[in-house]
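Participant:
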Amino acid sequence: MEPGTCNLEPSTMNESYDYAAIEKKWQRNWAQAREFEVQEDSNRPKYYLLEMLPYPSGALHIGHVRNYSLGDSIARFKRMQGFNVLHSIGWDAFGLPAENAAIQHKIPPERWTLDNIETMKKQCLRMGWSYDWNREIMTCLPEYYRWNQWFFLQMFKQGLAYRRKGTVNWCEQCQTVLANEQVENGLCWRDKSLVVEKELEQWCFRITQYNEQLLQDLDQLEGWPEKVKSMQRNWIGKSVGARVTFPLEDDPGVGIDIFTTRLDTIYGATFVVLAPEHEWVRGWTDDPEHGEELSRFLEEVRQQGRDVRTAEETEKKGVFTGRYAINPYTQERIPVWIANFVLMEYGTGAIMAVPAHDERDFAFAKKYDLDIRPVIQSEDRSPSSDLDQAFVDYGVLVNSEPFSGLSSQEAQKKMVQHAQAEGFGEESVSYRLRDWSISRQRYWGTPIPMVYCQKCGVVPVPEEDLPVLLPQVESIQLGQSPLATIPEFLNTSCPQCQGEARRETDTMDTFVDSSWYFYRYTDNQIDSSPVRDEAVRYWFPVDMYIGGVEHAILHLIYMRFFTKVMRDLGLVGFDEPVKGLFTQGMVLKGGVKMSKSRGNVVSPDTVVEGYGADALRLFVQFAAPADRELDWSDQGLEGCSRFLNRLWRMLYRLREEMSQGDSADSISQEELSKRGRALRRKLHQTIGKLTHDLERFRQNTAIAAIMELLNSVYEYVDQEDHPQPSLLEEVLKTMALLLSPFAPHFAEEMWESLGQKEHLTFAPWPQFDPELAREEGIKIVIQVNGKVRSRFSALPGISKEEMETLALEDEKTKAFIEGKPIRKVIVVPQKLVNIVV
RNA sequence: GCCCGGGUGGCGGAAUUGGCAGACGCACAGGACUUAAAAUCCUGUGAGGGUUUCCCUCGUGAGGGUUCGAGUCCCUCCCCGGGCACCA
Numbered sequence: 014m015e016p017g018t019c020n021l022e023p024s025t026m027n028e029s030y031d032y033a034a035i036e037k038k039w040q041r042n043w044a045q046a047r048e049f050e051v052q053e054d055s056n057r058p059k060y061y062l063l064e065m066l067p068y069p070s071g072a073l074h075i076g077h078v079r080n081y082s083l084g085d086s087i088a089r090f091k092r093m094q095g096f097n098v099l100h101s102i103g104w105d106a107f108g109l110p111a112e113n114a115a116i117q118h119k120i121p122p123e124r125w126t127l128d129n130i131e132t133m134k135k136q137c138l139r140m141g142w143s144y145d146w147n148r149e150i151m152t153c154l155p156e157y158y159r160w161n162q163w164f165f166l167q168m169f170k171q172g173l174a175y176r177r178k179g180t181v182n183w184c185e186q187c188q189t190v191l192a193n194e195q196v197e198n199g200l201c202w203r204d205k206s207l208v209v210e211k212e213l214e215q216w217c218f219r220i221t222q223y224n225e226q227l228l229q230d231l232d233q234l235e236g237w238p239e240k241v242k243s244m245q246r247n248w249i250g251k252s253v254g255a256r257v258t259f260p261l262e263d264d265p266g267v268g269i270d271i272f273t274t275r276l277d278t279i280y281g282a283t284f285v286v287l288a289p290e291h292e293w294v295r296g297w298t299d300d301p302e303h304g305e306e307l308s309r310f311l312e313e314v315r316q317q318g319r320d321v322r323t324a325e326e327t328e329k330k331g332v333f334t335g336r337y338a339i340n341p342y343t344q345e346r347i348p349v350w351i352a353n354f355v356l357m358e359y360g361t362g363a364i365m366a367v368p369a370h371d372e373r374d375f376a377f378a379k380k381y382d383l384d385i386r387p388v389i390q391s392e393d394r395s396p397s398s399d400l401d402q403a404f405v406d407y408g409v410l411v412n413s414e415p416f417s418g419l420s421s422q423e424a425q426k427k428m429v430q431h432a433q434a435e436g437f438g439e440e441s442v443s444y445r446l447r448d449w450s451i452s453r454q455r456y457w458g459t460p461i462p463m464v465y466c467q468k469c470g471v472v473p474v475p476e477e478d479l480p481v482l483l484p485q486v487e488s489i490q491l492g493q494s495p496l497a498t499i500p501e502f503l504n505t506s507c508p509q510c511q512g513e514a515r516r517e518t519d520t521m522d523t524f525v526d527s528s529w530y531f532y533r534y535t536d537n538q539i540d541s542s543p544v545r546d547e548a549v550r551y552w553f554p555v556d557m558y559i560g561g562v563e564h565a566i567l568h569l570i571y572m573r574f575f576t577k578v579m580r581d582l583g584l585v586g587f588d589e590p591v592k593g594l595f596t597q598g599m600v601l602k603g604g605v606k607m608s609k610s611r612g613n614v615v616s617p618d619t620v621v622e623g624y625g626a627d628a629l630r631l632f633v634q635f636a637a638p639a640d641r642e643l644d645w646s647d648q649g650l651e652g653c654s655r656f657l658n659r660l661w662r663m664l665y666r667l668r669e670e671m672s673q674g675d676s677a678d679s680i681s682q683e684e685l686s687k688r689g690r691a692l693r694r695k696l697h698q699t700i701g702k703l704t705h706d707l708e709r710f711r712q713n714t715a716i717a718a719i720m721e722l723l724n725s726v727y728e729y730v731d732q733e734d735h736p737q738p739s740l741l742e743e744v745l746k747t748m749a750l751l752l753s754p755f756a757p758h759f760a761e762e763m764w765e766s767l768g769q770k771e772h773l774t775f776a777p778w779p780q781f782d783p784e785l786a787r788e789e790g791i792k793i794v795i796q797v798n799g800k801v802r803s804r805f806s807a808l809p810g811i812s813k814e815e816m817e818t819l820a821l822e823d824e825k826t827k828a829f830i831e832g833k834p835i836r837k838v839i840v841v842p843q844k845l846v847n848i849v850v
């Protein structure tokens, strides 16, 4: 049997549209014909369409349905346009909910996960999404996660994976560490519970080594929404400034390094502030005069906790350390303070305070009665501020010999040069981005392939011993690092000395899994390397990636980082993996997010049972622009279902006439009536609109255009005395093609009922003919003083002169220009005449 | 505070480059079919008004501007959503 031609049940048209039977039939046909399976084929242009892989939480929700339906319409459209389309799916299968389920229901996380995947896969099949299921991946399988471990080892070798002891974000609810990206306003991104600080030893990926590239390469991403790029720029948070050393007065050998973006204000620096965690502060607490107060303050700050401390409302507090530093520009002696608003992890953990030109410094100086000295005047030389607020803009320097009179910008350059020449400072760049902490004190994740040996220390597991298998468990206990309780896992021998050793018991952040899964879709079998070179070469870059904007600074930055690491490992030959990105809007119900706790969740299963997958697919794409929020509406869904039924009725009504029609040749323009030509025109306008709309993710207007076309068919059939069967056949066949990206089951059935043998999947997308789409008579609008007063019809190609003459002769128009002098006549060719009186 | 979006009928939303505002769908109303209802088909549906097959006035968050002409461009402001934020 030829592929693409097997029909299990030939179409026998019923009066009513039996979506359940039809959808089932075509899902089976597609599976048997293996239609969506693809191979690399250098003779055909490829298109890699990717959607963010789902977490197998138990069931698909409407958000998934929207995401994957939008993607599927593009995949099917591109296939029909002749592209070799890679469209796969997988499961982000590691993660905490599986462990929570294990704790609650006493089922092994693996079984819970695999069961969920099975359920959700069935749901995917029922939606009719065109995936190549051979390429499916599950990140919890050793075939997959061994490569996470392999990447870890490569990164360890390169110094990109390292162990760090430090303050971490700890989520009590999850009993694990979170990366900075995973903390939102002090709350855990997953369960919104409060994140606390904890001192722990953690494995980190040195993403900061790539901060400049991650920033620069955003400019390559022309197909990404500006919003996402600006979010990433914000997150990376580059600021260019200078590092300057302020020597200590009583210990000139040492100096306090500060970072500033406003070197031009340094003549106004009246004190220096250190972060409470600054390395020198500890040594100063035994100072007889200030030590006690210092210690008390350090304790206070420590108790405040990071997120209280970094909240803007928090009062700025500090204490004097008793020390003085020397401003290297003025040689002036200024006091050294510590304060809660200076953070150790940004810049150098120390600042110069310029109260006259910085709001925080100003407030602080007022509170503790410190000097405020203006050194910047606004450009227009208006008298500088009267000291009730800081002047933070750029301006002209004053009181800054020898730099006085320079603009802020000029001064910054000259002052850096000066510092460099004198050896007390240099240009410096700070980033907000922190390294990615990937250790998770959880069970259901990729084991980190490291071993601790008493003799040899921290030793990597040799590559040939991968994967380090995650041991099977029956259930999980809360409140401990689960792997540490499994002796068979924990105890091992040292790869170097064969002596007694124990394994690392933390697992990897699941964002590691999703950082490179889309490479594995191009070859999920290869077991000698994470990726196969030729496959990556053929399929990459991803042409279009569709997902939610909530991953803008999580997954979407990690994945870019991973690609750069892979490039430097020689695995891939490009900087950026994803050419086009589309972020779809959320699905709401009654204006709020769907959630179990609100009880406003719509189940895709229920909808599919009641209306069919095609109606659901249509609704989620029709009801709102793809990038905006979509408010669920039962009535809107009904409307889409009605449209399919209406189309079906027309097909049924015409089925007899159509089979009599001479389908060999399409009827010529000359043989058609005026109404017939109008219908064909509408058809071609629709083809043009759909082609255009699908390229630009305008599924909503594309579907509206098909609805309009159907309305035109109804109009034609009702009004024409002798409707042309061959024209109707032409229109309906084309309509099946146009509909197939959105409602593929319906379209296939329609196509078959019109006598077609081949499946629609690879049927060529209809050709747009601008000649046929052009209006026969064009309507010219007549305006008087910019207001529409009349219209007349004319033949295309009418000259400007003719238009003007006709407009001025128009009876209705005359009434408006009567007795008034004509000042000007504007003629827009083929469109409008505006008479100004 | 800074940076992105957005504000159009009763509702979701349309509107190449500045050129007929409100496509399409929902909801509503009327009609046809029916014993009746549902379903379906047809018609109407921004607001106000008039001499009511037709016509006028107003109308895209507010105010101003550019233009023959502005939902669209410019300025000022208001509101809603999102991101970043004691980041030096």
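Be aware that the first sequence starts at 14, since it is given in the working numbering, and climbs by one per residue.
Every residue gets a Cβ at the ideal spot worked out from N, C-alpha and C, and that includes glycine.
1. Please list the terminal residues of the continuous alpha helix (DSSP H) segment that includes Gln698.
2. So what does Gly593 bridge to, in DSSP terms?
3. Within 10 angstroms of its Cβ, does Ile716 collect 16 or more other Cβ (buried), or is it exposed?
4. Please confirm if the segment 464–476 is in contact with the segment 115–127, defined as three or more CB-CB distances below 8 Å between the two stretches.
5. Please say whether Leu767 and Ala760 have beta carbons closer to each other than 8 Å?
6. For a test of the three-state rule: what should DSSP assign to Asp855, helix, strand or coil?
7. Following the continuous alpha helix (DSSP H) through Gln712, name the residue where it begins and the one where it ends.
8. Excluding the five sequence neighbours on either side, which residues of its own chain have a C-beta within less than 8 Å of the C-beta of Gln40, listed in chain order?
9. Measure the CB-CB distance between Trp160 and Glu476 and report whether it falls below 8 Å.
10. What residue does the alpha helix (DSSP H) around Ser443 start on, and which one ends it?
11. Please state the DSSP three-state secondary structure of Tyr532.
12. What distance in whole Å lies between the Cβ atoms of Val578 and Leu173, which are believed to be in contact at a cut-off of 8 Å?
13. Go through its chain and collect everything with a Cβ distance to Asn198's Cβ below 7 Å, but skip five positions before and after it.
14. Just grab the DSSP bridge partners of Pro738 for me.
15. Nearest by alpha-carbon distance to His772: which of Pro779, Trp778 and Trp764 is it?
16. State the DSSP-derived secondary structure class of Asn56, mapped to helix, strand or coil.
17. Which partner residues does Phe829 have in the DSSP bridge list?
18. Using 8 Å as the Cβ pair cut-off and three pairs as the minimum, do the segment 494–509 and the segment 81–94 touch?
19. Under 8 Å Cβ to Cβ from Ser806, same chain only, skipping five residues before and after it: list those, please.
20. Between which two residues does the alpha helix (DSSP H) harbouring Gln316 extend?
21. What span of residues does the beta strand (DSSP E) with Asp270 cover, start to end?
22. Do Thr520 and Thr459 have their CB atoms nearer than 8 Å?
23. If you follow the beta strand (DSSP E) that Pro348 is in, where does it begin and where does it stop?
24. Would Tyr530 pass as a contact of Thr152 if the rule is Cβ separation under 8 Å?
25. Taking buried to mean at least 16 other C-beta atoms within 10 Å of its own C-beta, is Gln171 buried or exposed?
26. Can you name the start and end residues of the beta strand (DSSP E) that Thr505 belongs to?
27. Which two residues bound the contiguous alpha helix (DSSP H) that contains Phe259?
28. Taking its Cβ as the centre, do 16 or more other Cβ atoms sit within 10 Å of Ser86, making it buried, or is it exposed?
29. Grab me the residues of Glu561's own chain with a C-beta within less than 8 Å of its C-beta, minus the 5 sequence neighbours each way, in chain order.
30. Give the secondary structure of Asn412 by DSSP, where H, G and I count as helix, E and B as strand, and everything else as coil.
31. For Lys695, which residues from the same chain have a beta carbon less than 8 Å from its beta carbon, with the 5 sequence-adjacent residues on both sides left out?
32. Straight-line CA distance for Gly179 to Pro480?
33. Can you check whether the CB of Pro368 is closer than 8 Å to the CB of Leu356?
34. CB-CB under 7 Å to Trp552, same chain, minus the five flanking residues each way: which ones, in chain order?
35. Relative to the C-alpha of Phe632, which candidate in Gln648, Arg256, Arg322 and Val253 has its C-alpha closest?
36. Do you know offhand how far Asp478's Cα is from Ala514's?
Facilitator: So, to answer that:
1. Lys687 to Glu708
2. Gly236
3. Result: buried.
4. no
5. no
6. Limits of the chain in this structure are 14 at one end and 850 at the other, which puts residue 855 out of reach.
7. Gln712 to Gln732
8. Leu138, Arg139, Gly141 and His758
9. Contact flag unset, no.
10. Secondary structure note for Ser443: it is in no alpha helix (DSSP H), and the uninterrupted beta strand (DSSP E) holding it is Gly438 to Ser443.
11. helix
12. Contact holds; Cβ gap of about 6 Å.
13. none
14. Pro738 pairs with nothing; no bridge assigned.
15. Trp764
16. The answer is coil: DSSP assigns Asn56 none of H, G, I, E or B.
17. For Phe829, which the question treats as bridged, DSSP gives no partner whatsoever.
18. no
19. Gly790, Ile791, Lys792 and Ile793
20. Bounds of the alpha helix (DSSP H) holding Gln316 are Gly304 to Gln317.
21. Boundaries of the beta strand (DSSP E) around Asp270: Asp264 to Thr273.
22. yes
23. Arg346 to Ala352
24. yes
25. exposed
26. Note, Thr505: beta strand (DSSP E), Asn504 to Ser506.
27. Per DSSP, Phe259 belongs to no alpha helix (DSSP H); it is in the beta strand (DSSP E), Ser252 to Leu261.
28. By the neighbour-count rule (16 or more Cβ atoms within 10 Å), Ser86 is buried.
29. What sits at residue 561 in the sequence shown is Gly, not Glu. These residues qualify, in order along the chain: Met65, Gly76, Asn80, Thr596, Gln597 and Met599.
30. coil
31. Correct list, in chain order: Glu721, Leu722 and Ser725.
32. Using only the alpha carbons, I get a separation of about 29 Å.
33. no
34. Correct list, in chain order: Lys59, Tyr61, Leu99 and Thr535.
35. Gln648
36. 15 Å
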